[in-house]
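Visitor: Residue numbering for the sequence shown follows the working numbering, beginning at 563 and increasing consecutively.
Even for Gly, the Cβ is constructed at its ideal location relative to N, Cα and C.
Computed from a prediction, not measured in an experiment: that's the story for all the values here.
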Amino acid sequence: MIQQTRIRTINQAPEGQAPSYVLYWMGLSQRARCNPALEYAVEEANSRHLPVLVCYGIAEGFPEVNARHWSFLLEGMAEIGPALEKRGIGFVARRAPPVETALRYAAKAALVVCDRSELRPARQFQADFAARAPCRVMQVEGDVVVPVQTASPKHEIAARTFRPKINRLLPDYLVPLEEREVRHSAHHLPNDSTLDLSDVPRLVASLKADQSVRPVRRFRGGTMEAEAQLRTYLDNSLAGYAAGRGRPEAGAASHMSPYLHFGQISPVALALAVQQAPGGDAEDRAAYLEELVVRRELAMNHLHYEPRYDDYTAAPAWARKTLDAHRSDPRPFLYTPEQFEQGLTQDRYWNAAMTEMRETGYMHNHMRMYWGKKIVEWSASPEEAWNTALRLNNRYFIDGRDANSFTNVGWLFGLHDRPWGPRPVYGNVRSMGQASLKKFDADGYVREVERLAQAEQ
Ligand SMILES: Cc1cc2nc3c(=O)[nH]c(=O)nc-3n(C[C@H](O)[C@H](O)[C@H](O)COP(=O)(O)OP(=O)(O)OC[C@H]3O[C@@H](n4cnc5c(N)ncnc54)[C@H](O)[C@@H]3O)c2cc1C
């Protein structure tokens, strides 16, 4: 079922005359399964006796997207054509900008279906396309469990205000999406793909992108890989999530964030799989859904309603005021952005976290909190800390440049939080000290990072 609230018309153009297909311009939802935009395109095509064509254009040279990100994305993209072909759906991938690609194929479309992202550049691409498209453009929101404006019509201040609203809606949105039968095959449509996905490492090496942030061995992109990892996780590690999710060495984390970030797995399918998993108890399932649905979609809410989400001024006024009042406090240690990036602090646990991020593209949530809070404490100013944390986050994490990236960096500066007892440097913003490293086997974590970093060499 595709809920009506996921679907909206985003331009005024009429339907295309003498069309050859219904076009799905793939953006964020980079998957051939459990994709409401794709299934909507199939429904619309069937009712017009037309085939479906899916197109993707690569935003080569896009700021902050480096070889690591492209590698993960393109590994996923390489699976999509063959999977769609099996269903009789056409797929073209072009080494050309996204809007140019969509306009090229929109010329022969009855209508264009696209998906939805809350990130500003993606919204701008879509607005630009919708204004120039020769036919009607429909948007289908499929990378959240509950559509952002349905979950809440306003900018939420904290998880506690958002939780009851979104949880009330879950019975209507946590439902499986059936695959529609494709009634008109696209096999006769010409394929003029120019993006050669047969050798992803070679393609990545040829791209105009920062090649110094290398692809990692630890994670491979794609829906098949996401589903295989999820099966192993549900069988072995979900049990214990509630008790172990705060301990990096407990093995309780699912590592689904890179796949969610690139739309390679559907959050609805993931939530349903967790709900139905044989391993784990009600507490584990509830704790997982709290992170996947409440926290993740609170981040979407923040990006939707806060236009300055990537700027320090997106931190709440009370937090900026208290950080400003403590601007001149002596820092116990002071590091430049470059020292942070190289992991050259006096703290071996912090350095290990930076190594995990830089060398493997991932970090456990507890260490992300510690890592970020220490950047606040050890930087010359809150503005410099914001810029350092956000830049490193988006450069090295495979799941960087996500709604979660901007919102969680915001959390380091009081977003979605409340004032705490005053501390040097932090003022009333929540601090994090060495005590948080005593709650788990921090030396074991350092050893594990050494092993992971070695495996990347
Ligand atoms: C400073 C800082 C920076 C962060 N940067 C990012 C980022 O760039 N990209 C990103 O996706 N997440 C980010 N997070 C949120 C969180 O740390 C990651 O989503 C999580 O660690 C991903 O690992 P996992 O999939 O194994 O999580 P699991 O524990 O298995 O959780 C399952 C899913 O729930 C969601 N989730 C878990 N924790 C959070 C959280 N705190 N907030 C929102 N959603 C959550 C994620 O979608 C995650 O994949 C950041 C957190 C902090 C404190």
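#1: Does Y988 come out as helix, strand or coil in the three-state DSSP assignment?
#2: Counting C-beta neighbours from all protein chains within 10 Å, is the total for H717 16 or more, i.e. buried, or is it exposed?
#3: Quick check: is any heavy atom of ligand 1 less than 8 angstroms from the C-beta of E853?
#4: Would you please verify whether the beta carbon of A790 is less than 9 angstroms from any beta carbon of chain B?
#5: When we look at the beta-carbon of G995 and count the other beta-carbons within 10 Å, is it buried (16 or more) or exposed?
#6: Run through DSSP, which three-state label would A848 get?
#7: Ends of the alpha helix (DSSP H) at L832?
#8: Closer than 8 angstroms to a non-hydrogen atom of ligand 1 - does that hold for the CB of M916?
#9: Between the alpha carbons of A713 and H864, how many angstroms are there, rounded?
#10: For R930, which option in G962, V584 and P625 has the closest C-alpha, if you only look at C-alpha atoms?
#11: What three-state label does DSSP hand I569 in the structure shown?
#12: Whose CA, out of Q773, C676 and T907, lies closest to the CA of L585?
#13: Name the residue from M925, R793, L665 and P683 whose alpha carbon lies nearest to the alpha carbon of P696.
#14: Which of the three DSSP states is assigned to M786 in this structure?
#15: Among all the DSSP beta bridges, which residues are the ones paired with F1002?
#16: Relative to the alpha-carbon of G825, which residue among S679, L885, Q711 and L739 has its alpha-carbon at the smallest distance?
#17: Can you grab the Cα-Cα spacing for the pair V708 / L731, in whole Å?
#18: So, using beta-carbon positions, are F691 and V702 closer together than 9 angstroms?
#19: L851: which of Y821, L800, P894 and S890 sits nearest, CA to CA?
#20: Excluding the 5 residues flanking R571 on each side, which residues of the same chain have their C-beta closer than 7 angstroms to its C-beta?
#21: In the structure shown, what three-state DSSP assignment does F781 receive?
#22: In terms of residues, what are the limits of the alpha helix (DSSP H) holding W973?
#23: Can you list, in chain order, the residues of its chain with a C-beta nearer than 6 angstroms to that of Y602? Leave out the 5 residues immediately preceding and following it.
#24: Could you tell me which of S591, G619 and A877 sits nearest to D705, measuring between CA atoms?
#25: Looking only at DSSP bridge pairs, what is Y795 linked to?
#26: Is the closest heavy atom of ligand 1 to the C-beta of L822 under 8 angstroms?
#27: Let's see if you can read the secondary structure: which residues bound the alpha helix (DSSP H) around V604?
#28: Give the C-beta separation of H978 and L885 to the nearest angstrom, bearing in mind that I take them to be a contact with Cβ-Cβ under 8 angstroms.
#29: Please return the same chain residues whose Cβ sits closer than 6 angstroms to the Cβ of A881, not counting the five positions on each side in sequence.
#30: At what residues does the beta strand (DSSP E) containing F653 begin and finish?
#31: Tell me whether M563 counts as near ligand 1, meaning its Cβ is closer than 8 angstroms to at least one heavy atom of that ligand.
#32: Considering only C-alpha positions, which residue in the set T922, Y1007 and N927 is nearest to R910?
#33: Start and end of the beta strand (DSSP E) containing A671?
Guide: Let me lay it out:
#1: Against the sequence shown, residue 988 aligns to sequence position 426. The answer is coil: DSSP assigns Y988 none of H, G, I, E or B.
#2: Counting from one through the sequence shown, the residue named residue 717 turns up at place 155. Exposed, because fewer than 16 other Cβ atoms sit within 10 Å of the Cβ of H717.
#3: Counting from one through the sequence shown, the residue named residue 853 turns up at place 291. At least one heavy atom of ligand 1 is nearer than 8 angstroms to the Cβ of E853, so yes.
#4: Absent here is chain B; the protein component of the structure consists of one chain.
#5: Working through the sequence shown from its first residue, we reach residue 995 at position 433. Classification of G995: exposed, given that the 10 Å Cβ count is below 16.
#6: As a working note, residue 848 is residue 286 in the sequence shown. Three-state DSSP puts A848 in a helix.
#7: For the purposes of this step, residue 832 is identified with residue 270 of the sequence shown, where counting begins at 1. It spans P829 to Q838 - the alpha helix (DSSP H) in which L832 sits, taken as one unbroken run.
#8: Taking the first residue of the sequence shown as 1, we reach residue 916 at position 354. No, the beta carbon of M916 sits no closer than 8 angstroms to any heavy atom of ligand 1.
#9: The residue you call residue 713 lines up with position 151 of the sequence shown. The residue you call residue 864 lines up with position 302 of the sequence shown. In a straight line, the C-alpha of A713 is about 12 angstroms away from that of H864.
#10: The residue you call residue 930 lines up with position 368 of the sequence shown. Nearest C-alpha to R930: G962.
#11: Here residue 569 corresponds to residue number 7 of the sequence shown, with the count starting at 1. Of the three classes helix, strand and coil, the one that applies to I569 here is strand, per DSSP.
#12: The residue you call residue 585 lines up with position 23 of the sequence shown. Minimum Cα distance to L585 is reached at C676.
#13: Reading the sequence shown from its first residue, position 134 is the one you call residue 696. Ranking M925, R793, L665 and P683 by Cα distance to P696 puts L665 first.
#14: Reading the sequence shown from its first residue, position 224 is the one you call residue 786. Helix.
#15: Start at 1 with the first residue of the sequence shown, and residue 1002 comes out as number 440. F1002 pairs with nothing; no bridge assigned.
#16: As a first step, residue 825 must be located in the sequence shown, where it is residue number 263. For the residues S679, L885, Q711 and L739, the minimum Cα distance to G825 belongs to S679.
#17: Position 146 of the sequence shown, counting from 1, holds the residue named residue 708. Position 169 of the sequence shown, counting from 1, holds the residue named residue 731. Those two C-alpha atoms are separated by around 7 angstroms.
#18: The sequence position of residue 691 within the sequence shown is 129, counting from 1. The sequence position of residue 702 within the sequence shown is 140, counting from 1. For F691 and V702, no; Cβs fall outside 9 angstroms.
#19: Within the sequence shown, the letter at position 289 stands for residue 851. Of Y821, L800, P894 and S890, the residue nearest in Cα terms is L800.
#20: On the sequence shown, position 9 is the one that residue 571 refers to. At residue 571 the sequence reads Thr, which differs from the Arg that was named. Closer than 7 angstroms at Cβ, skipping near neighbours: R698 and M700.
#21: Position 219 of the sequence shown, counted from the start, is the residue given in the question as residue 781. F781 falls in the coil class under three-state DSSP.
#22: Counting from one through the sequence shown, the residue named residue 973 turns up at place 411. Per DSSP, W973 belongs to the alpha helix (DSSP H) from A965 to L974.
#23: Residue numbering aside, residue 602 sits at position 40 when the sequence shown is read from its first letter. Correct list, in chain order: I564, V675 and V702.
#24: Counting from 1 along the sequence shown, the entry for residue 705 is found at position 143. Minimum Cα distance to D705 is reached at S591.
#25: Here the question's residue 795 lines up with position 233 in the sequence shown. Answer is none; Y795 lacks a bridge partner.
#26: Translated into the one-based positions of the sequence shown, residue 822 becomes position 260. Result yes, Cβ under 8 angstroms from ligand 1.
#27: Position 42 of the sequence shown, counted from the first residue, corresponds to residue 604. Unbroken alpha helix (DSSP H) run through V604: P598 to S609.
#28: Counted from its first residue, the sequence shown places residue 978 at position 416. Counted from its first residue, the sequence shown places residue 885 at position 323. Contact doesn't hold; Cβ gap of about 16 angstroms is too wide.
#29: Numbered from 1 along the sequence shown, position 319 holds the residue referred to as residue 881. Result list for A881: F975, G976 and V991, in chain order.
#30: Residue mapping note: residue 653 aligns to position 91 of the sequence shown, counting from 1. Start and end: G652 to R656.
#31: Locating residue 563 in the sequence shown gives position 1, counting from the first residue. M563 Cβ: outside cutoff for every heavy atom of ligand 1.
#32: Here the question's residue 910 lines up with position 348 in the sequence shown. The option with the nearest alpha carbon to R910 is Y1007.
#33: The residue given as residue 671 occupies position 109 in the sequence shown. Unbroken beta strand (DSSP E) run through A671: A671 to C676.
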